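Here is the structure we will look at, set down as structure tokens.
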Amino acid sequence: MASAADEVLVIGSQTFPLVQKQLRPKDYKPPFSRARKVPRKDANYRVTEGNIAAIDFGTTSVSLAYTTKGYDNVNTLILDIQEKAARDTNAVLFKREGKVISVTAFGNTARSQFTTMKKAENYDQENIYFERIKMILKRENDLDRQTLADSFSGEKFYLIEVIAFILQYLKDQLIDHLSRGVAPLKTTDFDWVITVPAIWDARGKGMMREAAYMAGLLIESGGISEFTPISSNPLPIPDEVNPDKLSLALEPEAAALYSQETVVEQIKRQPSLAAISHPTEYMVIDAGGGTIDITAHIEVDGGIVVQNVPTGNAWGGTQVNEEFSKLLQEIVNDPGFKKFIALGDLTKNQATLNKIVYSEFEKQKVLFGQRKMEEIAIELPRNFVKFYEEALIEGVEKVSGTDYDPDENDTLRIDKSATESKLFGPVIQGIIDCTQSAIDKIDNCPNTFYLVGAFGGCKYVHEKVKTAIESYYQSKGQKETCFVLVPLTPQLAVATGAAMWRKNPEKFKARRVDATYGIGTGMIFDPKKHNEAYKYYEEDSKQYCCAHIFCVFLEEGELVKANEVITTTQIPRYSGNTIMKITIFSTPRLGIQYTTDENKKLIVTAIGQLVIDIPNPDNLPREDRKVDVTMDFSGTEIQAKAHYRVTGKEVKTYLTI
């Protein structure tokens, strides 16, 4: 009999392993209870009316793409008016008037206004400034609705509300832009898409969905207007209004759609000049500001099968900025720039540092590697130079590869060798290691790679990643030529691809599950396989049972078709139960058979709950009061529902936080 690892799934004209290789440990134990796969009865996504808006809410920057009914092309909204750029810095400046909060500036404009703002009475009380708040989502392990974010003045706010204000601002910018046209559109005319890293769990995705509800993305008017005072009371759950008009797109999948369609279109236009033919197997490396996301796709009968569990790491482009910050701290001999921050206006000084590290250096970083660029040169702000001038002059003498000339526009120079080894080196290696690991864990090794994202568009990054992939394939005996391609406007690939994805989300025929999911249940105790620690006597059935069994819906790495859902049938634990609470659990581990350890401590994570009324006016026995629990893993979000057969009542939820 073949093991589960040897099982296959037929999709279209191709056969795929049911479980992704190299994931199951040698001591793997199959679950005691498994849910069953059944055909889907309804569509996963509502049919769009043609108006789609997609927001790429990145760590360091933001972009918005849209398409309208009757037009095939996807446009990007100009967010940075001064630079005429469709991608703007993820920074926001708020104005507080009593309890009412409004966004006064966003992006580079917000950073510029805040940095140059004159300090007046009630300055800190009236102005609230944030930058790169999505970094909290990436680094916070216990993310929930109560997660707090610090403004530059040190004041704390609920992170979800800060995100909601930014989403609301972007929504308003789009609607205002379209209001000047012949056919103005309302917010509710659109199907909205927000992109998220593929490596985020359900909690991070749930944060973005709830922030969208708060922002009023799905209602005709209104939205968030105040920050909720911090308290010990839980932040209220926002109302789910028109939830089917909001979708979350996985960033690498969106980038893959954009890259593939762009490249295939170029091949069609000039087939004789193209270096490659239409690729049907490809891997996308989305190198953004905060994270690296990697996905591998195979085209099957006009659809797409995702080959691998979403994978990635935190070696995004901001890590290079942080390495530069460390180098600058070393030069001025001030760890954390504590002396500079403590002098005068703390918030302004912090903004100055961010401008150096995430604006001035950023411009040089993305250009590094281009022809004749042998060094990085950053013009330092006058207030920074005034404070550190002696330290700068002395510091560059001690730190190899650096130079500073006060007579040359206060410019700090870092030569090519130091830039490569001290700034880019660790980050590039992180991308390469992650890519090689992803290649090893799929059965079909592609020879086409798409490198996207603002950081992926950097010429130096492309050269290093391309060389590493070619060398790795040669070491594995691969004889085919590898192509590592950067599509046009790689920094907009995610936003544009997300709008393209929403036009036809059913194009994805199957995906690999990113974790093991299931619910807790009980079953008749079997001394041959069950642990005595979980044994209990059930009065209703007059028999010994086993508690805390992990009823598994899908395991990490398992391939699930888009036209399938997973279901299991439960009954009340006790005959007197009139409400059933079904907690959904997840774990990154394989071979988990129980939801708790022997001391009844949870070893899995609760990610959602279904609560359903199960009245019993006719005093039916427990076995006749069945509740069908169904989970849908085929989309970018996991949906769950419970159906009580006695009354026909059904409840459903997105698994969030």
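In the numbering used here, each number is its position in the sequence shown, counted from 1, plus 152.
Glycine included, every Cβ here is placed at the ideal spot set by N, Cα and C.
Predicted, not measured: the structure shown is a model, and the values here were computed from it.
How close, in whole Å, do the beta carbons of residue i and residue j come, if the pair is a contact with beta carbons under 8 angstroms?
i      : j      : result
THR805 : ILE718 : Contact doesn't hold; Cβ gap of about 15 angstroms is too wide.
ILE759 : ILE744 : Wrong, their Cβ atoms sit about 14 angstroms apart, outside the cutoff.
ILE444 : GLY468 : 6 angstroms
THR739 : ALA667 : 6 angstroms
ILE594 : VAL617 : Between VAL617 and ILE594 the Cβ distance is about 18 angstroms, and since that is not below 8 angstroms, they are no contact.
ILE371 : LEU300 : 26 angstroms between Cβ atoms; not a contact.
LEU603 : PHE168 : Contact doesn't hold; Cβ gap of about 25 angstroms is too wide.
THR721 : ASP780 : 5 angstroms
GLU632 : ARG192 : Not quite, the Cβ-Cβ distance comes to about 37 angstroms (not below 8 angstroms), so this is no contact.
If we call anything under 9 angstroms between Cβ atoms a contact, is residue i one with residue j?
i      : j      : result
THR432 : ILE450 : yes
LEU398 : ALA364 : yes
PHE489 : ASN501 : yes
THR228 : SER215 : yes
ASP343 : LEU644 : no
VAL255 : PHE246 : yes
PRO598 : TYR434 : yes
LYS491 : GLU527 : no
PHE702 : PHE737 : yes
PHE705 : GLY674 : no
ILE790 : ILE764 : no
THR211 : ASN260 : no
ILE346 : MET360 : yes
GLU201 : LYS221 : yes
ILE351 : ASN460 : no
ALA606 : GLY441 : yes
GLY582 : ASN485 : no
LEU400 : VAL348 : yes
ARG263 : ASN506 : yes
TYR281 : THR499 : yes
GLY608 : PRO642 : yes
LYS574 : LEU480 : no
ASP438 : VAL579 : no
ASN225 : ASP341 : no
ASP692 : ARG774 : yes
If you reduce the DSSP assignment to three classes, tell me which class residue i lands in.
i      : result
CYS586 : helix
PRO177 : coil
LYS733 : strand
GLY464 : strand
MET359 : helix
SER727 : coil
LYS661 : strand
PHE168 : strand
HIS614 : helix
GLN325 : helix
ASN227 : strand
TRP352 : coil
ILE649 : One detail in the question is off: residue 649 reads as Gly in this sequence, not Ile. Note: GLY649 maps to helix in three-state DSSP.
MET366 : helix
ILE565 : The sequence shown places Arg at residue 565, not Ile. Strand.
ASP341 : helix
TYR218 : strand
THR299 : coil
ILE285 : coil
ASN656 : coil
Quick one: using the 10 Å Cβ neighbour count with 16 as the cut-off for buried, is residue i buried or exposed?
i      : result
ALA494 : exposed
ARG291 : Its pLDDT being 49, under 50, ARG291 is placed unreliably by the model, and the measurement read from it follows with that caveat. ARG291 should be labelled exposed.
LYS524 : exposed
GLN695 : exposed
PRO487 : exposed
SER155 : Confidence is the limiting factor: at SER155 the pLDDT is only 48, short of 50, which leaves the residue's position unreliable, though a coordinate-based value still follows. So SER155 counts as exposed.
THR613 : Checking the sequence, you will find Val at residue 613 rather than Thr. Buried is the call here.
TYR688 : exposed
ALA335 : exposed
SER786 : buried
ALA195 : exposed
HIS700 : buried
ALA205 : buried
PRO462 : buried
Can you find a heavy atom of the ligand HEM that lies under 8 angstroms from the Cβ of residue i?
i      : result
ILE701 : Absence of the ligand HEM from the depicted structure is noted, as is the absence of any ligand whatsoever, leaving it without description.
For the stretch 544-557 against the stretch 399-409, are there 3 or more C-beta pairs whose distance is under 8 angstroms?
no
Okay, do the stretch 225-244 and the stretch 365-377 touch, 3+ Cβ pairs below 8 angstroms being the bar?
no
Are the stretch 502-512 and the stretch 528-548 touching by the rule of at least three beta carbon pairs closer than 8 angstroms?
yes
Are the stretch 707-717 and the stretch 178-193 touching by the rule of at least three beta carbon pairs closer than 8 angstroms?
yes
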